[in-house]
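In the working numbering, the protein residues as written are -17 to 80. Since the structure comes first, as structure tokens, the remarks are kept for the end.
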């Protein structure tokens, strides 16, 4: 009789443990959430690599501008529309004809 009761208690604990594990693995913090987090981490790593490449490109460009006066002058002329003394700059609107 005691052996039978012990088996019943063991079976009940085992069933409760399996049920608990099933609920936990299927719940909010279960396997699905873990896979979702892994996917997010992977995407963040890809985004981080892309941003690091962009940062490196910007740093290279800054270094080129600092070291090359010709490129620096071209950038100033292009962006700020500056001209040397005596130069004339003509700016044409797209689509306008005369």
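All residues carry an ideal CB built from backbone N, CA and C; glycine is no exception. This structure is a prediction, so every number in the text was calculated from the model and none was measured.
Setting aside the 5 residues that flank it on each side, residue 12 is surrounded in the same chain by 6, each with a C-beta closer than 8 Å to its C-beta; the list follows chain order. For residue 34, the enclosing alpha helix (DSSP H) has its first and last residue at 13 to 49. For residue 6, the uninterrupted alpha helix (DSSP H) segment begins and ends at -16 to 8. Between residue 2 and residue 21, the alpha-carbon positions lie close to 26 Å from each other.
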